[in-house]
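Right, one structure below, let's go through it.
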Amino acid sequence: MLKIEEIKKLQEILMKSWPAHHYYFLNGWIMRFTEGVTSRANSVFPLNYTGDPNNLERDIIFVEKAYQAYNLPAIFTIPDYFEPDNLDVKLIEHGYQQLGCITHTMIAPLQKLRNEIINDEFSYDFYSERVNKISSFLSKFSKRDLQAQNVLNRLASRIIIPQKRYIIAEYENKVVGTLMGVLDSHGFLYIAEVLVDPDIRQQKIATSMFFKIINEWGIPNRAQRIWLQVEIENMEAMNLYTKLGLEKAYSYYYLEKHLVI
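Numbers in the numbering used here are just positions in the sequence shown, counted from 1, shifted up by 30.
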């Protein structure tokens, strides 16, 4: 596991790479609201806690009322380090339950990556914005429909600092894969929204997009480290990224409580 300050740093970079629509700050906690699309953009990041530990229950209730005002469930992101250290226990006592599976954050210095040959049977194009072709493809093959994709389009439009790039893989003018890269000022290149058409997987499309964005955009813009997040149930992706040289940095999961609206 990374040191505490390094976990905090990556969590902060993640928030910049996936900016919420609204924020509220409560005694060091960062509350994020984005129309309920992705838990990442609609949860509390408890990186620090400056409140009174004796009033922790009061702060949890405040959080619940805030999310209730947005017609959303209350969700806390629980990484390997959070504050206060008894928060997870208190949340469970308040009726919170784990949402989904554990997610690993994986990272590697660029020089430690094991480069793969690009599959040139497909074409690869870069975009500075999340164009409609990306939204349409993701709405078809991911768990988020076109309405949710429109919310994510607005989220992506808020990524101004740091820099961002998208890559689309095509075959015979048909989109077969997408990937997003966000590069922060410290040289951390975050990879997200990696998806390949299920009918043509196992052709190194994801790997090709991965190294295309690193070699042709990341490195020229002074990227130093690559990092991403993958659910532990996605063994295919876990094995791929491990093979490429990434290692686990820390893990996180969500605790959720559905509220009476």
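Think of the CB as a built atom: it goes at the ideal place given N, C-alpha and C, for glycine as much as any other residue.
Checklist entry - With DSSP run on the structure shown, which of helix, strand or coil describes Gln98? => result Reduced to three states, the DSSP call for Gln98 is helix.
Checklist entry - At a cut of 8 Å, does the region 257-273 reach the region 213-227 through at least three beta carbon pairs? => result yes
Next on the checklist: Using a Cβ-Cβ cutoff of less than 7 Å, which residues in the same chain neighbour Thr272 once the five nearest sequence positions on both sides are dropped?
Outcome noted: none
Next on the checklist: Contact defined as beta carbons within less than 8 Å: I believe Ile105 pairs with Val67. What is the distance between those atoms, to the nearest angstrom?
Outcome noted: Not quite, the Cβ-Cβ distance comes to about 12 Å (not below 8 Å), so this is no contact.
Item to check | 8 Å CB neighbourhood of Glu42 in its chain, flanking five on each side removed | outcome: Leu77
Next on the checklist: Checking the sheet assignment: what are the DSSP bridge partners for Tyr154?
Outcome noted: Under DSSP, Tyr154 shares a beta bridge with Ala199.
Checklist entry - What's the C-alpha gap between Asn251 and Pro83? => result 44 Å
Next on the checklist: Rounded to whole angstroms, what is the Cα-Cα separation between Asn116 and Phe63?
Outcome noted: If you take the alpha carbons of Asn116 and Phe63, they lie about 24 Å apart.
Checklist entry - Can you give the beta carbon distance from Glu286 to Gln127, rounded, assuming they're within the 8 Å contact cut? => result 6 Å
Next on the checklist: Within the continuous alpha helix (DSSP H) that includes Phe171, where are the two ends?
Outcome noted: 162-171
Checklist entry - Three or more C-beta pairs closer than 8 Å, one from the region 168-182 and one from the region 209-216: is that the case here? => result No: fewer than three Cβ pairs fall under 8 Å.
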